[in-house]
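Taking it in order: structure first as structure tokens, then the write-up.
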Amino acid sequence: MTEELVRERAIKGIQKEVSKGVQFIRTHVDITDPNLIGMKALIKLREELKDIVTLQLVAFPQEGFFRYKGAEQLMEEALKMGADVAGGIPHFEISYEHGVESLKRIVDMAIKYNVMIDIHCDENDDPNSRFLEVLNALVMEKDYGKNTTASHTCSFGSVENSYANKMLGLFKESQINFISCPTENAHLQGRGDSYPKRRGLTRVKELLHNGNNVAFAQDSIADYWYPLGNGNMMNILDNGIHLAHFTHIDEINKAFDLITYNGANIMRVNDEFGIEIGKPANLIILDAKDAYEAIRERAEVLASIRNGEYLFKREPRKNEIDIDFLKQ
């Protein structure tokens with residue numbers, strides 16, 4: 002692995018996403034590498050592409066905070082280099098105790114360097130996986146919930162309702178954020194089930210009704226965890242609202258928040274995002290007359306504008322030969 006190879010692959014992925022209208026990307030960069038090659042390459046690329054896309058880099062111990070020798074020191078080094086977010090994957094550690102300890106150290110490190118937190122949390126079907134509870138308790142104690150995101154939290158979709166209701170009360174108090182990855186979670190989870198098969202998603206509707214900030218995301222582009230990712234957030238939204246049963250007409254009309262405002266709140270890019278006088282002219286144009294039609298028709302992005310300049314612009318699709326079954 003070289004910086005040049007990381008850069009080449011990253012640009013291919015970014016091009017895919019930008020061509021679908023994405024202008025803000027949070028990416029998890031593996032820091033379980035003694036040379037931090039990925040982080041070095043992406044810090045340079047973040048600056049190089051800042052006029053095209055906002056890149057937010059998570060220092061992520063892919064091989065485990067304790068399972069990989071020296072991961073703690075490498076994470077701290079990545080944060081010193083300029084990573085925006087501290088990540089973790091406690092359910093991948095060698096024991097429950099190691100997972101808890103990893104969260105304690107990651108939260109402390111994030112506060113020390115004044116960065117956000119984004120944890121791959123309980124990405125499994127085990128209803129006894131409890132790292133979300135631990136993470137929430139740690140950030141509640143330190144009043145850091147609004148700066149913290151629990152990603153995936155698939156097991157929270159499998160827990161018993163009385164436990165879920167208890168935790169929803171605590172989430173409301175902490176104001177922790179959530180990210181659900183509909184296509185990846187549905188692809189990976191429930192594989193150990195016969196029938197009925199679980200959908201793999203967290204309790205999206207319940208968390209939203211609880212007042213917590215929830216966003217949908219695309220976790221992978223053409224890799225082992227999800228071989229079908231292409232950066233199309235309209236596809237993510239389509240899958241997500243179906244899997245979460247978020248399909249009442251009132252829910253559909255609010256669904257765009259799951260891939261726009263809610264994600265902006267998680268990334269804390271509100272200065273660059275939103276329609277207000279004085280903010281940058283960052284926007285996309287969809288081939289639809291309103292939100293409902295855009296979602297129902299899976300509308301294409303016709304243009305993406307960044308700081309008032311077109312990143313791309315395309316014509317609506319037209320048939321060379323139109324269907325006309327009314328002709329006699």
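Under my numbering, the first residue of the sequence shown is numbered 2, with each subsequent residue one higher.
Each residue gets a CB set at the ideal place from its N, CA and C atoms; glycine is no exception.
- In this structure residue 192 is not in contact with residue 235, their Cβ atoms being roughly 26 Å apart against a cut-off of 8 Å.
- In the structure shown, residue 249 adopts coil according to DSSP, grouped into three states.
- DSSP places residue 34 in no beta strand (DSSP E); its state is neither H nor E.
- Here DSSP, grouped into helix, strand and coil, assigns residue 178 to strand.
- Residue 74: member of the alpha helix (DSSP H) spanning 72-82, first to last residue.
- DSSP lists 118 as the beta-bridge partner residues of residue 149.
- Taking all protein chains shown into account, residue 85 has 16 or more neighbouring C-beta atoms within 10 Å of its C-beta and is therefore buried.
- A Cβ-Cβ contact shorter than 8 Å links residue 216 with residue 259.
- Inter-residue distance for residue 208 and residue 245 is about 11 Å (C-alpha atoms, whole angstroms).
- Listed in chain order, the non-local C-beta contacts of residue 80 below 7 Å within the same chain comprise 60, 87, 110, 114 and 116, local neighbours out to five positions each way being set aside.
- The C-beta separation of residue 76 from residue 38 comes to about 15 Å, leaving the pair out of contact by the 8 Å criterion.
- For the set 99, 195, 204 and 181, the Cα lying nearest the Cα of residue 169 is the one of 204.
- The beta-bridge partner set that DSSP reports for residue 305 consists of 285 and 313.
- Taking C-beta atoms as the reference points, residue 325 and residue 303 fail to come closer than 8 Å.
- Rounded to the nearest angstrom, the gap between the Cα atoms of residue 178 and residue 243 is 21 Å.
- Between residue 285 and residue 253, the C-beta gap is not smaller than 8 Å, which leaves the two residues out of contact.
- Going by DSSP, residue 55 is part of the beta strand (DSSP E) stretching over 55-61.
- Straight-line measurement puts the Cα of residue 131 at about 43 Å from the Cα of residue 312.
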